[in-house]
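Position 32 of the sequence shown, counting from 1, maps to 66 under our numbering, and the rest follow consecutively.
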Amino acid sequence: MKILGAALAATFLALSVAGCATTPPPVVAYPDPPPKKPYDAKTQLESGRRS
(Lines of atoms letter the chains of each structure in order from A; the text may use other names.)
(Lines give C-alpha, C1' and ligand atoms only; values in the text may rest on other atoms or scores of the structure.)
Protein backbone atom coordinates (compact mmCIF):
# COMPACT_ATOMS: atom_id res chain seq x y z
CA MET A 35 0.00 0.00 0.00
CA LYS A 36 2.91 2.32 0.75
CA ILE A 37 4.40 1.62 -2.68
CA LEU A 38 1.10 2.40 -4.37
CA GLY A 39 0.86 5.72 -2.54
CA ALA A 40 4.44 6.63 -3.45
CA ALA A 41 3.81 5.74 -7.11
CA LEU A 42 0.62 7.77 -7.11
CA ALA A 43 2.39 10.75 -5.54
CA ALA A 44 5.24 10.51 -8.07
CA THR A 45 2.73 10.38 -10.93
CA PHE A 46 0.89 13.39 -9.58
CA LEU A 47 4.14 15.32 -9.20
CA ALA A 48 5.23 14.45 -12.74
CA LEU A 49 1.89 15.54 -14.19
CA SER A 50 1.98 18.77 -12.18
CA VAL A 51 5.43 19.66 -13.50
CA ALA A 52 4.44 18.76 -17.07
CA GLY A 53 1.36 20.97 -16.79
CA CYS A 54 3.48 23.97 -15.81
CA ALA A 55 5.95 23.52 -18.66
CA THR A 56 6.17 26.43 -21.07
CA THR A 57 4.94 26.05 -24.59
CA PRO A 58 7.48 26.28 -27.42
CA PRO A 59 7.73 29.63 -29.18
CA PRO A 60 5.62 29.98 -32.33
CA VAL A 61 7.27 29.40 -35.68
CA VAL A 62 7.96 32.73 -37.34
CA ALA A 63 7.40 32.78 -41.07
CA TYR A 64 9.69 35.44 -42.47
CA PRO A 65 8.37 37.25 -45.54
CA ASP A 66 10.29 37.07 -48.79
CA PRO A 67 13.11 39.61 -48.99
CA PRO A 68 12.41 42.64 -51.16
CA PRO A 69 13.62 42.39 -54.76
CA LYS A 70 17.11 43.70 -55.44
CA LYS A 71 17.32 47.18 -56.85
CA PRO A 72 19.02 47.51 -60.22
CA TYR A 73 22.49 49.01 -60.13
CA ASP A 74 22.67 52.69 -60.95
CA ALA A 75 24.96 53.94 -63.72
CA LYS A 76 27.83 54.93 -61.41
CA THR A 77 27.84 51.54 -59.66
CA GLN A 78 27.79 49.73 -62.99
CA LEU A 79 30.74 51.73 -64.27
CA GLU A 80 32.79 51.34 -61.08
CA SER A 81 32.16 47.62 -60.54
CA GLY A 82 31.99 46.54 -64.17
CA ARG A 83 28.65 44.80 -63.52
CA ARG A 84 25.71 45.01 -65.83
CA SER A 85 22.15 44.53 -64.58
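Beta carbons are placed, not taken as given, at the ideal position from N, Cα and C, and that holds for glycine.
Pull up the distance between the alpha-carbon of G82 and that of P59, whole angstroms please. Position 48 of the sequence shown, counting from 1, holds the residue named residue 82. Position 25 of the sequence shown, counting from 1, holds the residue named residue 59. So the two alpha carbons sit approximately 46 Å from each other.
Taking the runs of the beta strand (DSSP E) that are 3 residues or longer, which of them lie wholly in the segment 44 to 71? Taking only runs of at least 3 residues, no beta strand (DSSP E) segment lies wholly in the segment 44 to 71.
Identify whether G39 lies in helix, strand or coil by the three-state DSSP scheme. Residue mapping note: residue 39 aligns to position 5 of the sequence shown, counting from 1. Helix, per DSSP.
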